[in-house]
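> Take a look at the following structure, please.
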Amino acid sequence: MTLVLDSSALFSMQDLPGEDSVTVPGVWDELRRYNDPRVDYWEGLLRTASPGEASLAEVRGAAEGSGDLGRLSTTDVELLALAWELGARLLTDDYSMQNTARIIGVSCVTVGAQGIKKVWRWRYRCLGCGRSEERDMGECPVCGSRMKSVRAR
Ligand SMILES: [Zn+2]
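So, in structure tokens, the structure goes:
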């Protein structure tokens with residue numbers, strides 16, 4: 002069965018699941034925005050697809066009704082629509098996505114339940130003062146030195 006992967010799932014996994022996996026273009030943009038070094042070796046392994054307008058409308062309608070729409074990004078809506086369209090399962094740890102998925106009949110799996118170990122996230126550490134940041138700021142906001150991506154628990 003096909004598995005649609007959201008960014009929160011990708012951010013928390015060390016390796017891709019061993020099933021047919023697909024995501025939407027917005028997720029790649031997000032990984033690139035965080036300068037995620039895994040983009041390079043995942044790019045050949047993870048398929049990318051975009052949902053059609055009818056699927057997007059289905060998801061927006063469901064999420065509006067449940068009050069989840071305001072908490073879903075454009076990318077989140079696309080992921081839900083793609084899972085619905087493909088009859089795929091959705092891998093996500095996001096509550097609003099899980100809730101909307103339930104309404105439209107898409108089954109969800111969480112990263113932990115999928116047997117995928119949540120090993121680490123990337124953080125960015127300053128090579129000068131050692132300050133640690135969630136996202137890549139290019140240079141350290143404190144001392145201006147270069148920042149390097151590091152694994153974090
Ligand atoms: Zn610094």
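In this note's numbering, the protein residues as written are 2 to 154.
Even for Gly, the Cβ is constructed at its ideal location relative to N, Cα and C.
In terms of residues, what are the limits of the beta strand (DSSP E) holding arginine 72?
Residue numbering aside, residue 72 sits at position 71 when the sequence shown is read from its first letter. Neither: arginine 72 is in no beta strand (DSSP E) and is coded neither H nor E.
> If you follow the alpha helix (DSSP H) that leucine 11 is in, where does it begin and where does it stop?
Taking the sequence shown and counting its residues from 1, one reaches residue 11 at position 10. Residues 8–13.
> When the Cα atoms are used, what is the spatial distance from leucine 70 to alanine 82?
Locating residue 70 in the sequence shown gives position 69, counting from the first residue. Locating residue 82 in the sequence shown gives position 81, counting from the first residue. Cα to Cα, leucine 70 sits roughly 13 Å from alanine 82.
> Would you say the beta carbon of valine 217 is closer than 6 Å to some non-hydrogen atom of ligand 1?
Any question about residue 217 goes unanswered here, given that the chain covers just 2 to 154.
> When you compare each of Thr49, Leu73 and Trp43 to proline 26 by their alpha carbons, which one comes out closest?
The residue given as residue 26 occupies position 25 in the sequence shown. The residue with the shortest Cα to Cα distance from proline 26 is Thr49.
> Determine the closest residue to isoleucine 104 out of Arg72, Leu73, Ser51 and Ala63, with distance taken between C-alpha atoms.
By 1-based counting over the sequence shown, the position of residue 104 is 103. Answer by Cα proximity: Ala63.
> Figure out for me which residue from Val110, Tyr42 and Met138 has the closest Cα to the Cα of arginine 90.
As a working mapping, residue 90 is identified with position 89 in the sequence shown. Checking every option, the nearest Cα to that of arginine 90 belongs to Val110.
> Got a sec, what are the start and stop residues for the alpha helix (DSSP H) serine 146 sits in?
What you label residue 146 is simply residue 145 of the sequence shown in a count that begins at 1. Run containing serine 146: none; DSSP gives neither H nor E here.
> Specify the secondary structure class of threonine 49 as computed by DSSP and reduced to three states.
As a position in the sequence shown, residue 49 is number 48, starting the count at 1. Threonine 49 falls in the strand class under three-state DSSP.
> Of all the alpha helix (DSSP H) runs that stay within the bounds of the segment 70–105, which reach a length of 4 or more residues?
75–87 and 96–105
> Whole angstroms are fine: how far does the CA of leucine 80 sit from the CA of glycine 45?
Reading the sequence shown from its first residue, position 44 is the one you call residue 45. Reading the sequence shown from its first residue, position 79 is the one you call residue 80. It is roughly 19 Å from the alpha-carbon of glycine 45 to the alpha-carbon of leucine 80.
> If you draw a straight line from the alpha carbon of leucine 57 to that of aspartate 95, how long is it in whole angstroms?
Within the sequence shown, the letter at position 56 stands for residue 57. Within the sequence shown, the letter at position 94 stands for residue 95. Leucine 57 and aspartate 95: Cα-Cα distance of roughly 18 Å.
> Locate the beta strand (DSSP E) running through valine 23, then write down its first and last residues.
Translated into the one-based positions of the sequence shown, residue 23 becomes position 22. For valine 23, the uninterrupted beta strand (DSSP E) run begins and ends at 22–24, by DSSP.
> Determine the burial state of threonine 75: buried for a count of at least 16 other Cβ atoms within 10 Å of its Cβ, exposed for fewer.
Sequence index remark: in the sequence shown, residue 75 carries index 74 (1-based). So threonine 75 counts as exposed.
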